[in-house]
Amino acid sequence: MENMNNAEQIIAAINFFNQNGYVVRMNLQKYINKWIAFTQRGMESILHGRIISVSNFDEFFYVKCKNGEIRYPNVEDAIKFFDSKKECYEFK
């Protein structure tokens, strides 16, 4: 493990925990009030909005879009996170 970089050590630790029956998740609470560009099944274009909450098991986000629509993208659907609305909506 001495020759591994930080990312490789983290991946090895996660794999170790998973193999021993533990569930390892990311804490997505830090993304609340950030802006997100994401895709959603059935929609061709990239969608944008502000994250207002995260599900209990960090599986999906509650996102409020520009048109007031609430969407629920999965974590895997996230393309990029932004600190400002302008940066988010400029992302295509």
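Residue 53 in my numbering sits at position 71 of the sequence shown, and the numbers go up by one each step. Quick reminder that beta carbons are idealized off the backbone N, C-alpha and C, glycines included.
query, result
"What whole-angstrom Cβ distance do residue 33 and residue 45 have, given they're in contact under 8 angstroms?", "6 angstroms"
"Roughly how many whole angstroms lie between the Cα atoms of residue 21 and residue 3?", "32 angstroms"
"Relative to the C-alpha of residue 35, which residue among 0, 57 and 70 is closest?", "57"
"Between the alpha carbons of residue 19 and residue -9, how many angstroms are there, rounded?", "29 angstroms"
"Can you tell me whether residue 24 is buried or exposed, with buried defined as 16 or more other CB within 10 angstroms of its CB?", "exposed"
"Enumerated in chain order, which unbroken segments of the beta strand (DSSP E) with a length of 3 residues or greater are wholly contained in the region 15 to 69?", "17 to 20, 29 to 36, 43 to 47 and 60 to 64"
"Please say whether residue 63 and residue 16 have beta carbons closer to each other than 7 angstroms?", "yes"
"In terms of alpha-carbon separation, which member of 40, 68, 69 and 67 lies closest to residue 59?", "40"
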